[in-house]
Structure formats: structure tokens, C-alpha cells
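Structure first, commentary second.
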Amino acid sequence: MSSDGDSNISTPVSVASCVAMALFYVLILYAPTVILRLPAPSSFSDFMIRRFVCAAISTVASLVLTAFILPIKSWEVSVILGVFGIRKDYLWQGVVYPLLLTSLIYAGSLFLNLLLLLESWKESGGACSLFSKVRSFVQAIPACILICASDVSFWRNLVVAPLTEELVFRACMIPLLLCAGFRIYSAIFLCPILFSLAHLNHFREMYIRHNRSYIKASLIVGLQLGYTVVFGSYASFLFIRTGHLAAPLFAHIFCNYMGLPVVIHSRRKGLVSAAALAGVFGFVKLLFPLTKPSMYNDTTNNCPCWLGYCLWN
Numbered sequence: 308m309s310s311d312g313d314s315n316i317s318t319p320v321s322v323a324s325c326v327a328m329a330l331f332y333v334l335i336l337y338a339p340t341v342i343l344r345l346p347a348p349s350s351f352s353d354f355m356i357r358r359f360v361c362a363a364i365s366t367v368a369s370l371v372l373t374a375f376i377l378p379i380k381s382w383e384v385s386v387i388l389g390v391f392g393i394r395k396d397y398l399w400q401g402v403v404y405p406l407l408l409t410s411l412i413y414a415g416s417l418f419l420n421l422l423l424l425l426e427s428w429k430e431s432g433g434a435c436s437l438f439s440k441v442r443s444f445v446q447a448i449p450a451c452i453l454i455c456a457s458d459v460s461f462w463r464n465l466v467v468a469p470l471t472e473e474l475v476f477r478a479c480m481i482p483l484l485l486c487a488g489f490r491i492y493s494a495i496f497l498c499p500i501l502f503s504l505a506h507l508n509h510f511r512e513m514y515i516r517h518n519r520s521y522i523k524a525s526l527i528v529g530l531q532l533g534y535t536v537v538f539g540s541y542a543s544f545l546f547i548r549t550g551h552l553a554a555p556l557f558a559h560i561f562c563n564y565m566g567l568p569v570v571i572h573s574r575r576k577g578l579v580s581a582a583a584l585a586g587v588f589g590f591v592k593l594l595f596p597l598t599k600p601s602m603y604n605d606t607t608n609n610c611p612c613w614l615g616y617c618l619w620n
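With our numbering applied, the sequence shown corresponds to residues 308 to 620, in that order.
Here is the structure:
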């Protein structure tokens with residue numbers, strides 16, 4: 308399997324499979340009520356648990372379909388998992404470096420949080436108070452873990468959605484596209500378009516469930532789709548360059564946790580904006596150095612990349 312121009316699977320099969328997986332990922336969410344005719348969930352937790360099950364089913368189906376289509380020469384577990392970017396070698400690099408790179412986009416947000424923390428420290432009496440707060444924070448960790456474990460939104464935003472979306476829209480689709488002869492940059496920008504399809508169901512929720520106007524729902528969903536395309540391109544880039552599913556996965560979790568980056572603040576306009584600008588500059592400068600394939604893979608056959616996918620042709 309390589310992206311040097313020799314196609315191992317046909318382009319129509321590759322594209323059709325990716326589109327089918329994207330649509331299936333969305334449409335199966337409505338299977339419990341539309342197809343199975345199950346009664347409406349009695350609570351938000353029940354509603355989300357149904358969605359978790361549906362997302363899991365679509366993810367497993369996508370993995371099986373991809374493994375069946377790709378010309379995998381060995382059916383050893385390590386080889387199959389490696390095709391999907393699930394590897395234990397160079398794992399800490401696959402987590403730490405992409406996270407550091409992603410955090411630069413949030414330099415304004417992180418700097419603002421630091422300023423607020425320093426202000427709180429000064430107002431509360433300095434080092435002694437800070438030590439007391441740190442101790443209270445450490446003591447509260449077990450209770451916080453229990454609260455998060457029982458919070459269905461936590462599982463949706465930081466576990467289920469990142470994991471299933473990265474498996475389907477990166478681990479499955481990118482190998483299919485590259486093995487069909489798509490160039491690296493084409494795959495990077497095509498996957499996010501399909502990734503955005505997974506968020507079209509938000510329009511229905513905004514328009515029907517939240518009773519928003521057609522125009523307002525369209526604007527909100529349009530902004531979400533634009534953001535998913537940008538992030539999807541970045542996540543695809545990380546996956547191809549590092550060969551690690553962990554790279555886009557932890558970047559996805561971090562972005563979901565942080566929300567939209569802060570670029571300006573009413574009280575600290577200049578400082579926060581300067582930090583945000585510096586972060587963007589650092590991100591651009593370090594984008595390729597921190598994702599250099601040789602940092603994540605051993606050199607084999609004169610190609611220092613995962614399955615040859617780093618060959619920028």
C-alpha cells in the first residue's frame with residue numbers, strides 16, 4: 308500500500324465507500340425511531356446512549372468494510388491495526404507533539420486563563436492561598452472523576468464523538484483514498500468535506516428541536532460546518548504525517564474541551580490578541596517540523612513514513 312501513483316483499488320469504489328460511511332454515520336443515528344420504531348427516549352441520557360450505540364455500530368461497520376476493500380497482505384492483528392493508525396510504537400510522540408502544536412492555536416485562550424488565575428491569586432492573598440487552592444483541587448479530583456463519569460455530555464464530547472469520528476473519517480477514509488491513487492493534499496481536503504456531512508444532522512436539531520428560524524439555524528450550522536472542514540483538514544494532515552491515530556484523536560479531544568479559540572477579550576484586548584497572534588505564528592512555523600514523519604516512524608525502504616503515506620507527490 309502506497310501513494311506513489313500505483314492504485315490498488317479503483318477510485319469509484321474508494322469514493323463510494325467513503326460517501327457511504329459518512330452517510331451511514333449520520334443516518335444510523337435516526338434508526339432507533341425511524342426504522343426500529345422505538346419510543347422516544349425518556350431523558351437526555353437515554354437519547355445520548357442510543358446515539359452512542361448507533362455511532363459504535365457505524366464505526367465497526369466502517370472498519371470491517373475498509374479492511375475488506377483494502378489490499379491488506381497480512382491479517383495479523385498488529386498489521387491490521389497499523390493500517391488504521393493504531394500503533395504502540397512512538398506513541399508518546401504521537402500524543403505529545405500534536406497536542407503541543409494544537410495548543411498554539413489556543414494561545415490566546417490559555418494566556419487569558421493564566422491572567423485570570425494570577426488575578427484570582429492576588430485577590431485571595433498570594434502564595435498561602437494558592438497552596439490552599441491547589442490542595443483543595445487535588446482533594447476534589449476523585450469527586451470530579453465521578454461527576455465526569457456520570458455526565459453523558461462528557462462522554463459525548465471527549466470520548467465517543469472524537470473516537471468514532473477519527474476512526475471513520477481518518478483511519479478508514481484516508482487509506483481508502485490514498486490506495487485509490489488520490490494525492491496527499493486531495494485526501495486531506497476531501498475527507499473534511501465528508502466529515503462535515505456527519506454534522507448536517509445539527510440543522511434538524513436546531514430547526515426542529517430548538518425551534519430556531521430557518522435562517523438562524525442555517526447560519527449556526529454553516530459556521531459549524533466551516534469549522535469542521537478546517538479542523539478535519541488539520542486532523543487528516545496529522546494522521547497522514549504521523550501515521551498515528553492518537554495524533555488527530557487527542558487533538559480532537561483537546562479542541563472539543565477548549566471550544567472556539569479566544570482571540571480578543573473585553574478586559575485584556577491587546578495582551579490576549581497578541582498571544583493569539585503569536586500562537587498562530589508559532590503554529591505555522593512548527594506545523595511541518597513537529598509532524599516530520601521520521602519523528603514517528605523507523606526508516607524503512609528509504610521512506611521514513613507509515614506505509615509510505617508520507618510521500619508528498
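Every residue, glycine too, gets a C-beta built ideally from N, C-alpha and C.
| Check | Outcome |
| --- | --- |
| Hey, is the stretch 463-482 in contact with the stretch 327-336, meaning 3+ C-beta pairs nearer than 8 Å? | yes |
| Pairing CB atoms from the stretch 411-429 with CB atoms from the stretch 574-591, are three or more of them under 8 Å? | yes |
| With contact counted as at least three CB pairs below 8 Å, one residue from each stretch, are the stretch 558-572 and the stretch 536-544 in contact? | yes |
| Should Ala347 be labelled buried (16 or more other beta-carbon atoms within 10 Å of its own) or exposed? | exposed |
| For Cys617 and Arg548, what's the separation of their Cα atoms in angstroms? | For Cys617, the predicted model reports a pLDDT of 47, less than 50, meaning its position is unreliable and no value from the coordinates is stated. |
| The alpha helix (DSSP H) that contains His559, what's its start and end? | 553-565 |
| Just reading off the alpha helix (DSSP H) that Leu411 is part of, what are its end residues? | 398-412 |
| Buried or exposed for Gly312, going by 16 or more other Cβ atoms inside 10 Å? | Because Gly312 sits at a pLDDT of 41, beneath the cut-off of 50, its placement in the model cannot be relied upon, and the following sentence gives the value as read from the coordinates. Answer is exposed; the Cβ neighbour count stays below 16. |
| Please return the same chain residues whose Cβ sits closer than 6 Å to the Cβ of Val536, not counting the five positions on each side in sequence. | Pro499, Ser503 |
| Classify Leu594 as helix, strand or coil using the three-state DSSP reduction. | coil |
| Rounded to whole angstroms, how far is the Cβ of Thr318 from the Cβ of Gly488, which I believe are closer than 8 Å? | 6 Å |
| So, is Arg316 buried or exposed, given that buried needs 16 or more other C-beta atoms within 10 angstroms? | One detail in the question is off: residue 316 reads as Ile in this sequence, not Arg. Per the 10 Å Cβ criterion, buried. |
| Suppose contacts are defined by Cβ-Cβ distances below 7 Å. Is Ala338 in contact with Val467 by that definition? | no |
| Does the distance from the CB of Val569 to the CB of Gly415 come in under 7 Å? | yes |
| Quick one: give me the first and last residue of the alpha helix (DSSP H) that Arg357 is part of. | 351-376 |
| Out of Leu422, Ala553, Ser324, Val459, point me to the one whose CA is closest to Val579's CA. | Leu422 |
| According to DSSP, is Ser317 helix, strand or coil? | coil |
| So Ser369 and Cys479 are supposed to be a Cβ contact under 8 Å. How far apart are they, rounded? | 5 Å |
| Taking the alpha helix (DSSP H) that Met602 belongs to, which residues open and close that run? | Per DSSP, Met602 belongs to no alpha helix (DSSP H) and is neither H nor E. |
| Touch check for the stretch 351-362 and the stretch 449-466: three-plus C-beta pairs under 8 Å? | yes |
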